[in-house]
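Enquirer: Can you keep this structure in mind? I'll have questions shortly.
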Amino acid sequence: MRARWAAAVAFASSAAGFLPAASACPSADEGFARLGSGQAEIAYRWEPSVLKVGQFFTAEVIACRAPAAGAVREIVLDALMPAHGHGMNYRPTLAQAGPDRFRITGLMLHMPGRWRLTFDLMQGDTRTRLTQEVDLKP
Amino acid sequence: MRAPALIAACSALAIAGGAVLAGDKSQTVLSFSSPEREAILSHGPWPLPRSPDPSNRVSGQAGAIALGRRLFFDARLSADQKRSCATCHDPALSFADGRERSLGRERVDRNAIALANLQLNRWFGWTGAADSLWAQSIRPILDDKELGATPELVRDRLAADAGLSAAYGRLFGAEPAREAPERALVNVAKALAAFMETIVTGRTAFDAFRDALARGDAAAMARYPLPAQRGLQIFIGKGQCASCHHGPAFTNGEFDDVGVAYFAAAGRVDQGRHGGIAALRASPFTLLGPYNDDATRTTAGPTRHVEPQHRNWGEFRVPSLRNVANTAPYMHNGSLATLTDVARHYSDVDIERLHGDDGARLVRPLRLGPQERADLVAFLETLSGAIAVAD
């Protein structure tokens, strides 16, 4: 079995009444990139802003649009190197920083090359996956 | 593998379109593509800037370095007073011991890692069972197979020597005799760490080549031997060596399974990184514990986030390759006597030895020919530089 670490938080959000569409996306001026597909869209940024091999970083992720009703209760962020068949060596942790806003710490990509990042937006039993590929320079 | 292009006749340097074209009539430089140049440049500059370890309040202090140096060579840290740190980390042998597996009070399971550039480490030891240099320094002192001491023994022997006791008192603000044994042990380890942090490797022939590439100095580049250039091209290309042996220290600081036998003895498996994480979690001497002098715990991130995974079985440290030619034998168990043996190992690696499927796609037989293996070794031999250490 191949273990892959993902960040998850099960925030007992008292989310009744949350709108299906989540928060407004911040602008690029705030250093956020956008990632969307169909009815889902997120904005994310890294700290430090430039990813480097072997350097721990933090992700700030905002759910801007989500397909199902109710709050986005968690975002599972994972990373995989498709060419090598392995994921990260560390288990990130996630904290909710506000409605639809999450902060994920303990991320580290330990090799240069192409990484596939997956953001799973969890709403109730609905999971919506967004994928972003990152080429990490040596 | 694509054939390297040799360009020898040009009199002027031209760097364009991803190729280094040049040299004078007697010199040659391979043609390196733009991605290759980028990969080469990523292995420098060297040396890297260094700063004190925030988890060790005496890191970088002259008094700690001096005390640590004395203790490093002092056999009174061993139960039988016959061995010191330097027994297995001999300065004359690049701070290793040249043995397959080290000999303490008994033969141990692993090869002695050469001590150098330790401030760059995230983890220590072959399995990363320690998350700081001072914590790593405690392990062999207490290990029955190595120095076989106890915290009480260390504290009492220190207290019995007026000179050591005074040096300790000046540094840590208390006489060792008045210290709790575990506290005295940790402080001894912090002094040892302060000394070992000063062991650094100097610039190498590769660094001169890399810096010449950075500034476009073809004449200087051409002084780098062609076999080493060809080996470098394998290292960053076909060999995929730089995937793990990344950056200026030629290591990503992590762990991998590269198909080395994992039986430490008949019927006994060396768990590798899996066991290292378990030992880390069981240890009171981690960056999450009470002996970390960094109150903010900013350095404890990796310790906080590391979790055992199935593929950690059989994984061992990706060692730095700086000074690798001076630190034979190789691998965690010293099972490969020479760099040629290492090149042959990766050329013919038995993927059936790999524990999981994770590493299988990265570590695979390279099928290097004799010339390629010789070139790879020629490159590795250019990673040696003079060792500097505090007097």
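Protein chains in written order, with the numbering used here: chain X, 11 to 148; chain B, 840 to 1230. Virtual Cβ for every residue (Gly too), placed ideally from N, Cα, C.
Using only CA atoms, which one of B:Val1228, B:Gly1114, B:Asp892 and B:Glu1211 lies nearest to Gly1078 of chain B?
Expert: B:Glu1211
Enquirer: In whole angstroms, what is the alpha-carbon distance linking Gly1092 of chain B and Arg139 of chain X?
Expert: 31 Å
Enquirer: For Arg889 of chain B and chain X, any beta-carbon pair shorter than 7 Å?
Expert: no
Enquirer: How close, in whole Å, do the beta carbons of Arg908 of chain B and Ala1229 of chain B come, if the pair is a contact with beta carbons under 8 Å?
Expert: 6 Å
Enquirer: At which residues does the beta strand (DSSP E) containing Glu57 of chain X begin and terminate?
Expert: Ala50 to Glu57
Enquirer: Closer than 9 Å by beta-carbon distance: list the chain B residues that pair up with Phe66 of chain X, in chain order.
Expert: Gly1140, Pro1141 and His1144
Enquirer: DSSP puts Gln133 of chain X in a beta bridge; with which residues?
Expert: Looking at the DSSP assignment, Gln133 of chain X forms a beta bridge with X:Thr136.
Enquirer: For a contact defined as C-beta to C-beta under 8 Å, what are the partners of Tyr4 of chain X on chain B?
Expert: Residue 4 of chain X is absent from the structure shown; chain X starts at 11 and stops at 148.
Enquirer: Which of the three DSSP states is assigned to Ala914 of chain B in this structure?
Expert: helix
Enquirer: On the three-pair Cβ rule with 8 Å, is the segment 1104-1113 of chain B touching the segment 1136-1154 of chain B?
Expert: yes
Enquirer: By Cβ distance, which residues of its chain are closer than 6 Å to Val1181 of chain B, with the 5 residues on each side in sequence left out?
Expert: Tyr1169 and Leu1175
Enquirer: Please report the distance separating the alpha-carbon of Arg946 of chain B from that of Arg1143 of chain B.
Expert: 33 Å
Enquirer: From Leu131 of chain X to Arg1017 of chain B, what does the alpha carbon distance come to, in whole angstroms?
Expert: 57 Å
Enquirer: Name the chain B residues whose beta carbon is nearer than 9 Å to that of Pro58 of chain X?
Expert: Those within 9 Å of Pro58 of chain X in chain B number zero; the least Cβ separation is about 13 Å.
Enquirer: Going by Cα to Cα distance, which pick from B:Arg938, B:Val993 and B:Arg1062 is closest to Asp913 of chain B?
Expert: Among B:Arg938, B:Val993 and B:Arg1062, the Cα nearest to that of Asp913 of chain B is on B:Val993.
Enquirer: Under 8 Å, CB to CB, which of the residues in the segment 69-96 of chain X have a partner in chain B?
Expert: Cβ contacts with chain B come from Ala93, His94, Gly95 and His96.
Enquirer: Check for me: the beta strand (DSSP E) holding Cys74 of chain X runs from which residue to which?
Expert: It spans Phe67 to Arg75 - the beta strand (DSSP E) in which Cys74 of chain X sits, taken as one unbroken run.
Enquirer: On the criterion of 16 or more Cβ atoms from any shown chain inside 10 Å, does Glu57 of chain X qualify as buried, or is it exposed?
Expert: exposed
Enquirer: Starting from the beta carbon of His1085 of chain B, find every residue of chain X whose beta carbon is closer than 9 Å, and list them in chain order.
Expert: Val63, Gly64, His120, Met121, Pro122 and Pro148
Enquirer: Using the beta-carbon count (16 or more within 10 Å), is Lys921 of chain B buried or exposed?
Expert: exposed
Enquirer: Would Ile1075 of chain B be called buried (16 or more neighbouring beta carbons within 10 Å of its own) or exposed?
Expert: buried
Enquirer: Taking Cβ-Cβ distances shorter than 8 Å, what residues in chain X pair up with Ser1082 of chain B?
Expert: His94, Met121, Pro122 and Gly123
Enquirer: Can you tell me which of the three DSSP states Ala1100 of chain B falls into?
Expert: coil
Enquirer: Using C-beta distances below 6 Å, list every residue in its chain close to Glu51 of chain X, excluding the 5 sequence neighbours before and after it, in chain order.
Expert: Cys74 and Arg75
Enquirer: Spatial neighbours of Ala105 of chain X within its chain, please: C-beta separation below 6 Å, excluding the five flanking residues on both sides.
Expert: Arg113
Enquirer: Is the Cβ-Cβ distance between Ser898 of chain B and Pro888 of chain B less than 7 Å?
Expert: Not closer than 7 Å, so no.
Enquirer: Where does Arg113 of chain X fall in DSSP's three states?
Expert: strand
Enquirer: Give me the residue from X:Arg126, X:Val144, X:Gly80 and X:Ser47 with the minimum Cα distance to Asp88 of chain X.
Expert: X:Arg126
Enquirer: So the candidates are X:Ala81, X:Glu40 and X:Met118; which of them puts its Cα closest to the Cα of Pro135 of chain X?
Expert: Correcting the residue type first, residue 135 of chain X is Asp in the shown sequence and not Pro. Nearest of X:Ala81, X:Glu40 and X:Met118 to Asp135 of chain X, Cα basis: X:Ala81.
Enquirer: Check Ala969 of chain B in the structure and name its three-state DSSP category.
Expert: strand
Enquirer: Taking its Cβ as the centre, do 16 or more other Cβ atoms sit within 10 Å of Ala878 of chain B, making it buried, or is it exposed?
Expert: buried
Enquirer: Would Gly46 of chain X pass as an interface residue toward chain B - the criterion being a Cβ-Cβ separation below 7 Å?
Expert: Under the Cβ criterion of 7 Å, Gly46 of chain X is not counted among the residues facing chain B.
Enquirer: Pick out whichever of B:Cys924, B:Ala974 and B:Gly964 has its Cα sitting closest to the Cα of Phe1124 of chain B.
Expert: B:Ala974
Enquirer: Under the rule that 16 or more other beta-carbon atoms within 10 Å means buried, what is Gly1106 of chain B, buried or exposed?
Expert: exposed
Enquirer: Only counting the same chain, and skipping five residues up and downstream in sequence, which positions put a Cβ closer than 7 Å to that of Lys147 of chain X?
Expert: By the criterion of a C-beta distance shorter than 7 Å, Lys147 of chain X is surrounded in its chain by Pro122, once the five residues flanking it on both sides are discounted.
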